[in-house]
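Numbering (the working numbering), first residue to last: 1 to 177.
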């Protein structure tokens, strides 16, 4: 839980450092077209530049086939004026039978360290759900890191594991705070 909060805080800090909403310049393009599968395809591209040199680029592509199937994929990258970066990618799909899959990853690097997280989830047509997430955070100051994994299965519930490592990669006790 603490790692998730840290990732969220780091993302917000990176975004806030790169932009001033009142002075940002933006360019966007959104296109929707009928496709050969009897559905619709849509693409969106957004490019923003902050007054202090921060940038944000976002892309998304979504497609349906007219039979109840849909898929989407997207990415976003942010660079702050101080060189900190954050990148997010994700994809999701839904089938006519009710099954669905989703996966995504996030990475951020800044003066205080870096964070990487990836996860996926799936739902079968009968409603069974499985999910997993792996996260690693490394301190730039100490080189120490924490690796956390979490998974969910309807039969077994949530399983979590967290291990801390020193700068040499040797497992150590995780600090209390």
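Where is the CB? At the ideal position from N, CA and C, for every residue including glycine.
Please tell me whether residue 134 and residue 96 are closer than 8 Å, where the distance is taken between their beta carbons.
no
Out of curiosity, what's the CA-to-CA distance linking residue 51 and residue 84?
16 Å
Straight-line Cα distance separating residue 119 from residue 175
25 Å
If you follow the beta strand (DSSP E) that residue 43 is in, where does it begin and where does it stop?
40-49
When you compare each of 33, 87, 149 to residue 56 by their alpha carbons, which one comes out closest?
87
Cβ atoms of residue 73 and residue 91: under 8 Å apart, would you say?
yes
Among 106, 157, 75, nearest to residue 43 - alpha-carbon criterion
75
Which residues mark the beginning and the end of the beta strand (DSSP E) in which residue 164 is found?
157-165
With burial defined as no fewer than 16 other Cβ atoms inside 10 Å of the residue's Cβ, what is the status of residue 129: buried or exposed?
exposed
Residues in the same chain with beta-carbon distance under 6 Å from residue 158, minus the five sequence neighbours each way, listed in chain order, please.
152
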